[in-house]
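The structure appears below as structure tokens.
In UniProt numbering, the protein residues as written are 1 to 1237.
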């Protein structure tokens, strides 16, 4: 026996460009394959497993002889095998020494092998050890071995509740997909049946994102990696680094793992508080977005309900469509502008309408309005004659208001000024007159001087006093002198006389007389004694002397006074007194009087005026010594009086207006009174008289008008504005026009929300929702990841990164050391990756059973997995099992059924339904039996409906809902082609039909050169073994070359090779021919195989056959397939029937569509869904008729779900409302054309 000891996984890649296969190391991990030693020297399996693990942990580099020898030395020591450090030599496996004993050879070999049971041995032993150590057994496993129902505790229920409440699917989804989340949140296991092309991968990706966003760890697995590759490519970029995929290319898987760990390590530094804040805000926005969508749904629902609602009006029943048709047929009745509602009815009958028209010939609106206004308040009107008188007076007075205001512009104390005192006015007049009289005289100058300063005032007061005293004294002397007569010479020298008279006075007073002696002695006084006489006598007595003394005194006084007076008056440029003037007293008294005017001015005028004015402050300087001031004050008082008078009249008018303002009807009157419009008031007064005279007729017109105004005010106003024939001719068929407007306004109200705008808004909201969900999934997933990563894991992550950096290009002396360190740290970090995607064998190889369970395991294509796949369920709390019992299941080929049954009887006798734990029962079927929940994905996205129709009928009771329509969603005209090969034969020993094979290759070659098939992928499926497929594959390589096969992804095989896969075009070959006997295929396994084969094509399926239907048993699945391919239109009669029934509305729409040159197809079926009209096959534009008496079975909710389903596969819906179409078909179709563009 020859057996490898140290092995390293390799990856085999094909270099398309250079047409070479390249072999590369996968992960540089060296495994020890020692299980063959259990048959030698009684070595136990437990010891082998233990030492294999230890040897693996050494991290041997097989390129290093030293390390290899170290590893072999470890093996020989552990199992007591002789090894001296030398290898055996050979050139081929045939040269290996066959002598007894163990020999080691240092020779490399390449081994291609399927996964064998050794991996499962390790897996099962690991599970047994886990259970023995008290490890957790998930409910999914527990349910397999219990008869009673497995229930979850309250803590587990509470833990999973939130998962079902907040749906976070970043990809489009349907109700079934949504229901999976609800069920997995409530149950430990859910079975999902996914018929071909129903979006299983799409669904799983949504589940991954939803679970990841809720902090769950997920394991996704499958029997093979084919389906896993598809779903892996659908994972959003935002979370891709959190999803580790180990699929096929091991080197790529390691690169992906490195990238994931690197990305996680980088993001560990993100601020979790900020992340939490962000996704909480995003959740708020998502809630808001979904609420907006619900509101739009409600509006859309109302629109459709209203479109089909029957409304009763005037005893008849109408739909919106009926109303629109009526409007369209009676456009001449469109003259009512009022907004009417469906409850409104004509307010007056025909007779009343005629009465209104007659009355309107007499009265106009102004008459009505005027009468209506004053009717209830006419008693409140004032005497307008008085009002007119007041207004006239006011207008007259106010004409000079500008002058008065100008005069008073500097008058401060207007309010307290006494302007109505006649004494004050007289004073002002006298003062003004006096000032005018003294103007340009010395008195005016004195007035200025006297009142200019206190010194001047004192001087002139003294002057005046002195003058008065002197005049008084002079007057007194004159009065005394007037009693006597004094005669004096005319040429008398008064000064000499005065001097000479003193001695005469003395002598007479002393002697009593003038003696002779005196005369002799005083000859100089002779003229006195002789020429001067008193009372006609010479001076001889004392009395006479006294008179002369008085005369002298008077003369002196007069002379001094004149000088004094002249000195004072000269300063004023006044008239002076002549020294010899005799009658100067009059002049002096006149001067004194005038001076007294000045000195007494304040008391005589100023003080009295100010006192009477009562004003204390003046903006303008008040100079009461100036005549202009007197004029200004008087004018101001006159202006004040005028303004006061104006204000008084105005107040009186205002009071009138104030009373009128209490009644709105008098607003115009009040306004015109305020404006002073006397002419209007006079006209108003005349109008009052007119309406009083015609009150009865006006009341009747008002009553009819009011009835109309309550319902249709605009048309009423329009009617009341017309006159003559226009009025009579305008309002024909008023009741029909009223009905027209009621219908029109009701439709417009129903159209307030444009159905296509709502659809557009809904579409935009869904885009927003999708983006928000992606962001939430990303941010919350990273938040959960950071929170979940332990400190130990963080250290291992950073240690791994540092090791990877130091490895560099891997050629350094320390590269092996750091590679080992990186591998060791990676083992610690596996739990950091929240999502793992790998086939079942990789799960067992990479993820050991331990206490740190995944939250959910998702097993795809579980119908292909046998009972051994149950071990994967030990790795998660809950499970979603995805599969389809109608597709290929495990066959257990080469397994001894009796041995299996014996093992079941021996070891599983106490296990419920143990007989089903054989190797033919799939994991899917087992899950169906023990899991509490199952649902079916029914919407089919892959194939056009004619292709999937066969599988739908044979395997799924036509419950699958195809979402691709052969009429518009297929670039190839014929979805199914059955091609008969004449004179073809099957090889008698092999399952080969060469003529069919060559025909298929010819057709493929023809398709490759046809532009219609450009870039389409192709597959070939043999329906009888895989030998025929090998022949076709070889022929294709020879004909078109490997490069073209790779480009078109051409694969040839049997149905097993294609399960979980698809191609644009599939070629089926029956292989059988009449020259070799063939069996009738009617078993379930046969049907499943044909179901898989017939459901792989997206656009076209060819069936090449060498037998006719008559050659086959009708019960045979071959017969059914051939019959379907030949007669698929007959089988899908509903899709191709010309018996189309349209409603009247749809008939009219179809005519209009055809008239407008639309390429229209009515009543298109997409699976179980009907579309009213398809107007653009390439763009998948559907026109849906809303309204028009739909069937009683019509459901808005179902219609909405249908629309959403079809929109997910690219259909675009234009909703045409019946009322919109009939109301204005041109506008409706303009919108449709714009939508199509």
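Using N, Cα and C, we set each Cβ at its ideal position, and we do this for glycine too.
Taking the alpha carbon of residue i as the point to measure from, which residue in the options has its own alpha carbon closest?
i	options	result
residue 975	1127, 884 and 1022	1127
residue 973	1102, 621 and 1167	1102
residue 376	447, 119, 307 and 688	688
residue 609	423, 1062, 407 and 573	423
residue 358	613, 723 and 736	723
residue 212	949, 1012 and 786	786
residue 700	988, 563 and 362	362
residue 1091	221, 842, 541 and 953	953
residue 1007	1031, 986 and 1040	1040
residue 1086	1055, 1004 and 966	1055
residue 163	181, 783 and 155	181
residue 1021	1014, 1061, 989 and 1015	1061
residue 546	561, 580 and 502	502
residue 1131	948, 1031 and 1152	948
residue 827	13, 8, 18 and 29	29
Skipping 5 residues on each side, what residues in its chain have a beta carbon closer than 6 Å to that of residue i?
i	result
residue 371	691 and 698
residue 328	1222
residue 1214	1183, 1232 and 1235
residue 228	222, 247 and 837
residue 1049	1017
residue 330	740
Just to confirm my understanding: we take residue i, look at its own chain, exclude 5 residues before and 5 after, and list those with CB closer than 7 Å. What are they?
i	result
residue 716	705, 708 and 709
residue 554	474, 477, 478 and 481
residue 257	244
When the distance is taken between beta carbons, is residue j closer than 9 Å to residue i?
i	j	result
residue 552	residue 492	no
residue 475	residue 585	yes
residue 767	residue 282	no
residue 1004	residue 950	no
residue 1148	residue 1098	no
residue 769	residue 209	no
residue 1113	residue 1161	no
residue 292	residue 761	yes
residue 797	residue 261	yes
residue 451	residue 625	yes
residue 978	residue 1069	no
I'd like the list of long-range same chain contacts for residue i, defined as Cβ closer than 8 Å, with 5 residues on each side in sequence excluded.
i	result
residue 879	138, 140, 188, 189, 190, 856, 857, 858, 859, 873, 927 and 931
residue 904	914, 915, 917 and 918
residue 342	311, 313, 742 and 746
residue 135	849, 850 and 851
residue 1074	1106, 1107 and 1111
residue 127	849, 871 and 874
residue 959	936, 938 and 952
I'd like to know if residue i contacts chain C, where contact means its C-beta is closer than 9 Å to some C-beta of that chain.
i	result
residue 956	Considering every chain present, this structure includes no chain C. It has just one protein chain.
Determine contact between the stretch 663 to 679 and the stretch 371 to 387, defined as no fewer than three beta-carbon pairs at a distance below 8 Å.
-> With the cut-off at 8 Å, the stretch 663 to 679 and the stretch 371 to 387 touch.
What are the complete beta strand (DSSP E) segments, minimum 3 residues, inside the stretch 241 to 289?
-> 243 to 245
In chain order, each beta strand (DSSP E) run of at least 3 residues that lies wholly inside the stretch 308 to 357 = 311 to 313 and 316 to 318
Could you tell me whether the stretch 424 to 437 touches the stretch 604 to 612, using the rule of 3 or more Cβ pairs below 8 Å?
-> yes
Any chance the stretch 862 to 870 sits against the stretch 266 to 280, with 3 or more Cβ pairs inside 8 Å?
-> no
Determine contact between the stretch 754 to 765 and the stretch 285 to 304, defined as no fewer than three beta-carbon pairs at a distance below 8 Å.
-> yes
Please specify which runs of the alpha helix (DSSP H), each continuous and at least 4 residues long, are wholly inside the stretch 1101 to 1152, giving them in chain order.
-> With a minimum length of 4 residues, the continuous alpha helix (DSSP H) runs that stay inside the stretch 1101 to 1152 are 1117 to 1126, 1128 to 1131 and 1133 to 1136.
Say whether the stretch 643 to 650 touches the stretch 386 to 402, bearing in mind that this needs 3 or more beta-carbon pairs closer than 8 Å, one atom from each stretch.
-> yes
Alpha helix (DSSP H) runs wholly inside the stretch 417 to 499, at least 4 long, in chain order = 422 to 438, 442 to 450 and 454 to 481
Minimum length 4: unbroken alpha helix (DSSP H) runs contained in the stretch 672 to 739 | 678 to 693, 695 to 711, 713 to 721 and 724 to 730
Whole runs of the beta strand (DSSP E) within the stretch 1004 to 1080, excluding any shorter than 3 residues = 1018 to 1022, 1051 to 1054 and 1063 to 1069
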